[in-house]
Structure formats: structure tokens, C-alpha cells
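Before any comments, here is the structure.
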Amino acid sequence: MNLTLKSKLLIAGGFLVFVFLFIPFFISFSGRSDFYFTLTSVALLSIASAGVWLTFYIGRINIGQGAFSLIGAYVSAILVMKAGMNFWLTLPLAGLFTAFVSVLIGLPILRLKGVYFAMITLVLTQVVTLTALALPITNGARGIVSIPLPRELSVFGVTLIPDLGTMDNPKLAFYLISCVLMVLTYWVLYRLVNSRLGQICRSMQQNEELASSIGINIAYVRIIVFAISSFFGGIGGSMFGAIAQSVYPSTFQVKDSIDFMLNCFLGGLGYVFGPLLGTFVLYFGWDLLFILDKFQLLVYASIVIILMRFLPNGLLSIRFSNLRRKSD
Amino acid sequence: MTSILEVRNVTKKFGGLVAVNDVSFDVKKEEILSVIGPNGAGKSTLFKLISSFLKTTSGDVYFKGERISNLRPHIVAQKGVVRTFQETTIFKNMTVRETIIVAQHLRSKATLGGYFWGTKIAKEDNKAFGIQADELLDFIGLDSLRNEVASNLTQGNLRALGMAIGLATDPEILLLDEPFAGMNPEETMGMVDLVRLIRNERKVTVLLVEHDMSAVMSISERIVVLNFGSLIAEGTAQEIQNNEMVIEAYLGRADDALGA
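Just so you know, the protein sequences line up as chains A and B, in that order. With our numbering, letter number 216 in the first sequence gets 216, and the count goes up by one each step, no holes. Adding 1000 to a residue's 1-based position in the second sequence gives its number in our numbering.
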């Protein structure tokens, strides 16, 4: 785990080159532009998964991220359709609104621990889905459809993001923008975990009573962390809605919430980049098993169970355990 | 000497059970005061009431004239009243040094955002936390174990770590929860010396709750005795040892034994 700064920068640089140069080139040569949608989805889902990972970091099992992603998607869709706002402006607003909702929900439920917190969050996605079905503003089961593609974003006359509606290849643009958001998310997560807040979270994960005895306001830290976590969920959901150009109550379901959690487990709860790898492997794993037809779910579930049984610390633990063995 | 902590008519009821009944006493600045009593006397409950880990049913606790009962625990810690736990309550996956770095939370000058962005104040804080952690571990005698994961420590070292965690918050009064429980006489002697050292060198007032009579007698300047939730005696070790009611509480009444 103790990589030098140089090797960390090399890995990060290599990852950026791979994501922003290699993959677009590869796709344009092979002509498989359908990969853009898959990879864009992975990038966005990994943002939401990063949020779930952060709640794990304070010792809470969060199976409710789908709820916050759905809220984020609806906030952007409603602001774009009803208020005619620019999507890029609604993106941070969706994140902030989601964070605000998570504070209201978090205040009572973050007192719970373990399976009790997990159970409540499991219900959250269903609650938001049902609310979306019932409210007039979300247009019930018909959802919000035909959302226009995001308009141009310019600051002081400088175009940062061109109008996606007039572009030849909006898929590439969505891919690049989603990857930028993903990189930002994981940069923030990395900084958080390696700053004082990360230390405080680790202490709370292990013993909240002791943490409060040394003067840490545990209720406050829990809320802050849950809000950041939900902010990521809202951003991921909002962007997802913009790409799909539609939002339905079923856009994010309980299954998605469970997937977000599985991504974290599979990648590794001890590693900041665990949820990123987990999302990638789970998403592609599911797609690759498509050839198995009706056995898809059975084989998929079996593989997940086997992985968790033999790699309880996630996929990223393989590399590090090998390294350690070599150095011994 | 002036009183630093005042316990005033504190009562705690759990349903119909009166765990602590109208207890009042003072703790004087820089003294070592012990609360003792037989099993079920209400010592632990009283301890939690003082550190605000439990709310009082009635009565209050004052620290330097300011009420601290029924506040949230982290606020009581901020005011300078810090408790320790028994050895199982630690950050078990952290190293000893990491634990002490986290425990210096109350010394941090930067905000959480400041730490995230790495402002100048935050960097200075982080540097100071490291230096102070090493200094504190030297003082407490855990310097050779600084990179050991806490869950690998022996019982005695865990107690020392618990005290180091408390000291890292710069407390004015340290509340120790059964610091000698389950220790052999040799370990107890070491712990008694450590508690004295903490008081003498760091000028910290110590209030401890304890079972082990011999350790309490040798360390305490004053002792408070509880029985069935009520305060039955208060005084020096000498006075307590000769107090009829205390002997009765611990050994039973002479005529009880005859009658049985």
C-alpha cells in the first residue's frame, strides 16, 4: 500500500491517458461506438458508488444510493423541462438538493448502526420511487421524457462545453464529460480520505463512543459524510438522466442500490479506488454473461458469492497481498 | 485547594431502580480522588453521569462553576473533562501513533475544509500532531510500540494507550474507568505509578472509579464510597479504612453473620 509519490503519479497519469486518449482511439478504430454508452454508464455509476463507499467509511452499510441518484436525475430533468435552465447549471443544483434531502433523512437514521441502518436505507429507494409515481411534478409512471441534450456552457464568453445537440458525436462528448466528473469525484474522495476527515471517519468506523470522548462531534461528521455521499449519488443520477434524455421512477431501483453497494464490496472497502474497479468489473461481467441467456443471473450471482468468499477485502487486495508476499 | 468539579444531588433512576441516589461531593484541583464501592453500588453509572454519557434524572455536575451534566459527550470533552474506557474500547485497526494523532482532535486549529485543501494552518497542525504524538508516547512509555496495530497490544499497554488517548485531548480532569481491573499486583503497581506521573507532570486532576481496594488506598488522596447508589463515606484512605459503615458495606454486618 505504501507506494511512493512518483509511482502514484505514474499510475494516475497512466489511468488518465488510458481513459482520455487510448479508449477514444480504440473505439474510433474498431468502430464499436456502442462501447461509449457502456463506459459512460460505468463512469457515472462509479460516481454514485464512490458515495456509497464513503458511508461505508464511517461504518454504515448504505443500500439507498439509488434513492439519491433518482432524486438527482429528477431535479435536473424538472429544472431543464419546467424552468428551461441550462443542464450544466442544474447538475450542481441536483447534487446540492440531494445533499440537502440526505441531511433531512440522515438526521434521524444515522443514529442507527449495522443492519438497522442498512434496512432503513434499503427502503429509501422504494420510497423515492413511490413518491415519483405519486407526485404531479414528476409526471408519475410516464416519467419525464424527450429531455433536450445539454446546451452550451460558457463562462465570460469562453465556451467550456459546446452545445451537445449540434455535435456530430455527442456520445464521445458524454463519455469525456462523464470521465472528467469521475476523475474529479475520485480525486475528492482520495483527498478526503487522506485528510483529517479521513482519520476521523476511520476512528468513528471503529468506535463512535471513544471518538466522541475525545471531543469529536460524531453526529455532525456523520451528517457531513452522508451529505457528501449523497451529493455524489445526485451528480451521477443527474448526468445519467441527461444522457438517457429521460427519467422514469424505475430509472434507479432497489437493484441499482444493491449494485452500488456490491461495487464497493467487490472492489474493496479498504481502497479508495475499489468502487471504481468494482463498478467496471460488475458492469462488464454482467454484460459478458449475456450469452448465457437464462443462466445469466445464476452464474453472475455465483461468481459474486465466490469472489466475496475468497476475496473478502475486494479485488484490489489481490495485488497488495502479492506484493507483501514478495517483500517478505 | 479549590474545587474543580462539583457533583450536586445527582440522582439516576432506571425505571424503578435507583442506581445513584442524591450523591454530592467535590473534586479538588490536581488531586487524585477515587470512587469505590461494592458491586452494583452505582460507581459506573456515576462515572457515566459525570462524563455525560448518561443523562441525570435530577441533580447536576459543575466543572469550574459551569454545568456539564446532560450535555453531549464531545462538548464535555471540549470543556476539559475527558474520560477513558476499559481496554476493549480502542480504535483496534489503527496503529498506536495514528490513534494518538486522531485523539488530538481538540488541538486542531484548521477546519475540516482546511485539511481537505491543505492550507498552511492545516499543514502546521498535521506536523504538530506528529511531534506531539511522539512526545506523548515517550511520556507514557509506548514509544517502542508506536507502529503496532492497537489490537495487538497487551492488556496493560492498552490501558496505557487509553490514558494516552485521554491526555492527547489536553484535559483538565481525567476520569479513569477501573484502571486496575484484572491486573496482577505488578501491573497494578506500574499503573499506579503512571497515574501519579500523569497528575504530577501534567497537572491533571484525576477521578477514578475502582474496585481494587489496595491500589485505591495507595494512590488516592481522598476516597468517596458508594453503597446501593448512596454516598456513605468520604475522606482520606486512613479515614475510610476505619469507617464502620464502609467495613459493613464491604464485609457485611457482624450480627448478620452471627444470625446466619
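Idealized CB from N, CA, C, for every residue including glycine.
In the DSSP assignment, find the unbroken alpha helix (DSSP H) run with residue i in it and report its ends.
i       : result
K1079/B : P1073 to K1079
G1059/B : Not the alpha helix (DSSP H): G1059/B falls in the beta strand (DSSP E), residues S1058 to F1063.
R1008/B : Element bounds for R1008/B: not the alpha helix (DSSP H) but the beta strand (DSSP E), S1003 to F1014.
L276/A  : G274 to L288
Y248/A  : From DSSP, Y248/A is part of no alpha helix (DSSP H); its letter is neither H nor E.
Y133/A  : Strictly speaking, residue 133/A in this sequence is Leu, with Tyr absent from that position. Note, L133/A: alpha helix (DSSP H), G114 to A134.
L311/A  : Where L311/A is concerned, there is no enclosing alpha helix (DSSP H), given that its DSSP letter is neither H nor E.
S1044/B : K1043 to I1050
K1055/B : Premise fails: K1055/B is in no alpha helix (DSSP H) and is neither H nor E.
Q65/A   : Q65 to K82
I1247/B : E1244 to L1251
G1114/B : L1112 to W1117
For residue i, which of helix, strand or coil comes out of DSSP?
i       : result
S102/A  : helix
L269/A  : coil
V145/A  : coil
S195/A  : coil
I216/A  : coil
K1028/B : strand
R1097/B : helix
G1259/B : Bear in mind that the predicted position of G1259/B carries a pLDDT of just 49, short of 50, making it too unreliable to give a figure here.
G1235/B : strand
R32/A   : coil
N1157/B : helix
R60/A   : coil
L16/A   : helix
D1212/B : coil
I228/A  : helix
S49/A   : helix
E1178/B : coil
For residue i, list the residues DSSP reports as bridge partners.
i       : result
S1230/B : N1227/B
L39/A   : Paired residue(s): none; L39/A is not in a bridge.
I1173/B : V1081/B and T1205/B
E1066/B : F1063/B
L1017/B : F1014/B
F260/A  : None; F260/A has no bridge partner.
R1222/B : L1033/B
V1149/B : T1095/B
V1023/B : V1010/B
With 16 other CB atoms within 10 Å as the buried threshold, where does residue i fall?
i       : result
M167/A  : exposed
W187/A  : exposed
W1117/B : exposed
V75/A   : buried
S1034/B : buried
G1162/B : buried
D256/A  : buried
Q1238/B : exposed
P150/A  : buried
T1099/B : buried
P1171/B : buried
V155/A  : exposed
T1002/B : exposed
V1007/B : buried
How is the beta strand (DSSP E) around residue i delimited, first residue to last?
i       : result
N1200/B : Not the beta strand (DSSP E): N1200/B falls in the alpha helix (DSSP H), residues P1185 to R1202.
K1120/B : That residue, K1120/B, is in no beta strand (DSSP E); its alpha helix (DSSP H) goes K1120 to I1140.
T1205/B : T1205 to V1209
S1034/B : I1032 to I1036
S154/A  : L153 to V155
I161/A  : V158 to I161
So, for residue i: in the same chain, excluding its five sequence neighbours on each side, which residues have a beta-carbon less than 6 Å away from its beta-carbon?
i       : result
D1022/B : N1009 and T1011
L135/A  : none
S1230/B : N1021
G1156/B : E1187
V19/A   : C179
I61/A   : A118
A77/A   : I144, I147, G241 and V247
M1217/B : A1237
I1140/B : A1160 and A1164
Could you confirm whether any beta carbon from chain C is found closer than 8 Å to the beta carbon of residue i?
i      : result
G215/A : Any reference to chain C falls outside this structure, whose protein chains are A and B.
Apart from the five residues just before and just after residue i, which ones in its own chain have a Cβ nearer than 7 Å to its Cβ?
i       : result
R1199/B : E1030, I1032 and V1206
V128/A  : A67, L70 and I71
L1153/B : L1145 and L1161
E1178/B : Q1086, V1209, E1210 and H1211
For a test of your reading of the model: does the CB of residue i fall under 7 Å from any non-hydrogen atom of the ligand ADP? Yes or no.
i       : result
I1232/B : In terms of ligand content, the structure shown is empty, and the ligand ADP therefore cannot be addressed.
Who are the near neighbours of residue i in its chain, counting only those whose CB is closer than 8 Å to its CB and skipping five residues on each side?
i       : result
L315/A  : L266, G267, G268, G274, L277, G278, V281 and L307
A141/A  : L133, Y248 and P249
V1102/B : F1091 and M1094
G285/A  : Y300 and I303
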